[in-house]
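Right, one structure below, let's go through it.
Protein chains in written order, with full-length UniProt numbering: chain S, 1 to 413; chain L, 1 to 413.
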């Protein structure tokens, strides 16, 4: 254990740091993120939200004994000798109606018709499926014995009063919304969506709708960060493009940290630009990380200003997207109070061999074709590598790469 | 090929059909679904939307030669003999500024400083990374030769004018929104979100916020269908609970088919109820499928009324969710114009053995714990099996099940 493990990240007045491994970067990002406040919302709007309260069943569900099949409610003792060749005759008292308890009681020698989901009438202890019966007027021929409880959903078989159904931090899925409805919980208390300030810097940048002149490029990162954040359940707020003015950068970062739960600054692609971002964050607050040992994505900055995490991303959009997928996702989830981030991974074989060029941990974009993953070649900053890839594979630091046919794990994106 | 393969599904005045395999059900659902109209939206709102036009690069991107590194723009011929021990000296003409073309030309014996992303000045044909240089006043010592084009992003290296970037039917991801921004496409034409009418039937149903009396249960399916549809990019519209009135059911289905792109009716859990739904759809239109050979989920109905697909789902919410995940998802994607549905699958080993009870194709809910999938036991209609499962595995019709340690594919949900 290093000293900083216990004392938390240390700030420095210098903005040049050793690069840190990605696990350390994620740990630091999580350690400086504060959960957002809570709000109570209708469950219809709950998909993807994170519970800030545990969900506990208040009553037994379904709360009464229900039939699991269409059939006849019977007394097991009456029909223990029933068989196809020698059925037992029971007198049918009538039919259970859905949604209302029957006021009749099944007594020895009698039975009642019951539809799936109907309430088991008093006296009965099992349901014979209609397939194993025959009706002759009011007499029902039962051709199969039951065991006590057969085809009955117990009154607490779905949920028992005081059962913990979902813990704090659970990210709600569509099926969970159904579960909440089933226990009558139509309002739910969740973490507020974190508000993420987005600042793009770069003198070469023009708005995406503009026609760039020679030397200029369209500003892409605010789109990537906006849509990525929204998909992760955050509210993105754009603070525009800062072209070349350090004072404007400082003012904008400062304003964004006052108005947001976290701020993401995407730097220009040159080292100088990145250093200005780090310097500004350092002067307004603290810088903990300047450089992560991943390729692409190395020039990532992690700092905070007044308890608000501030992340500096590389300028190349494709590198930015890599760091969004590997680091910023943890920031967003930590702000939302989620202990972990669900990512989808697929084990698959490499179609060709790939070599890692660096000592750093290397992430390679791949396309999945049939049963194989093919590397998407091209400089890591190119947008086409994002368009045409299905996910990334990791080549650990020190490894030389993979041979064709090696099994790899693709993190799908 | 069966006859119906070419002639399309045939309607019948009888509502009792042989069960069909799930592949056939999916084929029929897709064959009766009409793509929604199109609309043009800002790309910021494009995540998850389906392209109704191909996206083609209108110009070369980046459109000019850019440096891929911080370094010096050089003429390769000048420095072919450069080495650490015997550097070549070049005279530095100045620095390329980001965002504007330099009006200087690199001539033999000269070079220019260039930041990553800067426009390559006229005359230069490569960039030497700054790490392989040393500056002495206006003289730059170059310690490594280049090859022509080294560290240069070609003017069409990201996208070439008229390159097809995304085909019709592509479902946009966050990274795709960045790609669209990079080519200046800030508005995009996509399929409209399909409007899905949702009708719940069942005399035993009470609204989720009510306290059920004995025999009653809370209405859950409209929540499942609403949130599931929304996550799949549709607009859910609830038509309420129809308790016990066939005329009301008929009127409501009829109204919903006039107002929506598709209608989903969740039946009660008893066979009778399901038959009434099938009968009503059949009288207003045509029924193609009444029963799919899957467990759970068998009593699914597929029909159409006036060209609007109408799906009847089983009443048990857990079965409903299964059919949403296996069948309705294809309806929603077909309406959106997506040729296929992305599902996430994970190969994993079974922690325990499982047996299939039926001849039908059987779907089993499983929880993933570490490297193993554990079956979530309990009657298939129970909500707790949804709450506590991570996905489903398929046991093909005729198979007996899996042994502990067998590899299975989990469809994550």
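Just so you know, even glycine gets a beta-carbon here, dropped at the ideal spot from N, CA and C.
Within chain S, the residues that residue i reaches when beta carbons sit closer than 7 Å
| i | result |
| --- | --- |
| residue 384 of chain L | 158 and 159 |
| residue 64 of chain L | 214 and 215 |
| residue 203 of chain L | 98 and 99 |
| residue 218 of chain L | 181, 182 and 184 |
| residue 226 of chain L | 44 |
| residue 174 of chain L | 224, 227, 228 and 231 |
| residue 406 of chain L | Within chain S, no residue comes near residue 406 of chain L; the closest Cβ sits about 16 Å away, beyond 7 Å. |
| residue 272 of chain L | 115 |
CA nearest to the CA of residue i, picked from the options
| i | options | result |
| --- | --- | --- |
| residue 198 of chain S | S/253, S/54 and S/346 | S/253 |
| residue 31 of chain S | S/352, S/334 and S/344 | S/334 |
| residue 226 of chain S | L/155, L/305, L/278 and L/181 | L/181 |
| residue 318 of chain L | L/406, L/384, L/188 and L/120 | L/384 |
| residue 214 of chain L | S/283, S/243 and S/121 | S/121 |
| residue 48 of chain L | L/200, L/191 and L/377 | L/191 |
| residue 379 of chain S | L/258, L/339 and L/158 | L/158 |
| residue 165 of chain L | S/386, S/409 and S/392 | S/386 |
| residue 179 of chain L | S/389, S/410, S/273 and S/103 | S/389 |
| residue 55 of chain S | S/189, S/308 and S/84 | S/189 |
| residue 104 of chain L | L/117, L/82, L/74 and L/87 | L/74 |
| residue 151 of chain L | L/119, L/141 and L/177 | L/119 |
| residue 393 of chain L | L/406, L/27 and L/366 | L/366 |
8 Å Cβ shell around residue i - same chain, five flanking residues per side excluded
| i | result |
| --- | --- |
| residue 218 of chain S | 205, 206, 207, 208, 210 and 212 |
| residue 371 of chain L | 348 and 349 |
| residue 283 of chain S | 250 |
| residue 196 of chain S | 225, 229, 234, 235, 236, 237, 260, 261, 262, 263, 264 and 332 |
| residue 381 of chain S | 269, 296, 316, 317, 318 and 319 |
| residue 346 of chain L | 368, 391, 409, 410 and 412 |
Cβ distance (whole Å) where residue i is taken to contact residue j below 8 Å
| i | j | result |
| --- | --- | --- |
| residue 472 of chain S | residue 224 of chain S | As displayed, chain S neither begins before 1 nor continues past 413, which places residue 472 of chain S out of reach and without an answer. |
| residue 294 of chain S | residue 22 of chain S | 5 Å |
| residue 261 of chain L | residue 36 of chain L | 6 Å |
| residue 93 of chain S | residue 78 of chain S | Rounded, the Cβ-Cβ distance is 13 Å, inconsistent with contact. |
| residue 410 of chain S | residue 368 of chain S | 7 Å |
| residue 128 of chain S | residue 71 of chain S | 5 Å |
| residue 194 of chain S | residue 336 of chain S | 6 Å |
Proximal residues of chain L, C-beta to C-beta of residue i below 7 Å
| i | result |
| --- | --- |
| residue 379 of chain S | 68 and 153 |
| residue 230 of chain S | 47 |
| residue 165 of chain S | 387 |
| residue 119 of chain S | 214 and 215 |
Residue i burial status per 10 Å Cβ neighbour count (16 or more: buried)
| i | result |
| --- | --- |
| residue 63 of chain L | buried |
| residue 138 of chain S | exposed |
| residue 245 of chain S | exposed |
| residue 65 of chain L | buried |
| residue 124 of chain L | buried |
| residue 24 of chain L | buried |
| residue 403 of chain S | exposed |
| residue 187 of chain L | exposed |
| residue 7 of chain L | Confidence in residue 7 of chain L is poor, its pLDDT being 34 and thus under 50, which makes the residue's placement unreliable; the coordinate value appears in the next sentence. Answer is exposed; the Cβ neighbour count stays below 16. |
| residue 109 of chain L | exposed |
| residue 304 of chain L | buried |
| residue 343 of chain S | exposed |
| residue 247 of chain L | exposed |
| residue 135 of chain L | exposed |
| residue 364 of chain S | buried |
Own chain residues within Cβ distance below 7 Å of residue i, not counting five before or after
| i | result |
| --- | --- |
| residue 399 of chain S | 356 |
| residue 397 of chain L | 293, 359, 360 and 361 |
| residue 95 of chain S | 112 and 113 |
| residue 401 of chain S | 353, 354, 355, 356 and 395 |
| residue 19 of chain S | 291, 292, 293 and 298 |
| residue 324 of chain S | 224, 225 and 228 |
Neighbourhood of residue i by C-beta, 6 Å cutoff - its chain only, sequence neighbours within 5 removed
| i | result |
| --- | --- |
| residue 163 of chain L | 57 |
| residue 76 of chain S | 125, 126, 146 and 148 |
Listed by chain order, chain S residues near residue i by CB distance under 8 Å
| i | result |
| --- | --- |
| residue 209 of chain L | 184 and 186 |
| residue 113 of chain L | Those within 8 Å of residue 113 of chain L in chain S number zero; the least Cβ separation is about 11 Å. |
| residue 321 of chain L | 174, 175 and 178 |
Where residue i meets chain L, residues with beta-carbon distance less than 9 Å
| i | result |
| --- | --- |
| residue 19 of chain S | Residues of chain L passing the Cβ test: none, with the nearest at roughly 15 Å. |
Where residue i meets chain L, residues with beta-carbon distance less than 8 Å
| i | result |
| --- | --- |
| residue 317 of chain S | 178 and 182 |
| residue 412 of chain S | 344 |
Near the ligand FAD: residue i beta-carbon under 7 Å from a heavy atom
| i | result |
| --- | --- |
| residue 18 of chain L | Inclusion of the ligand FAD in the displayed structure is not the case, the ligand content being empty and no account of it being possible. |
Next item on the list: For the stretch 337-366 of chain S, enumerate the residues whose C-beta is nearer than 8 Å to any C-beta of chain C, in chain order.
Entry: Looking at the structure shown, chain C is missing, and the protein chains on hand are S and L.
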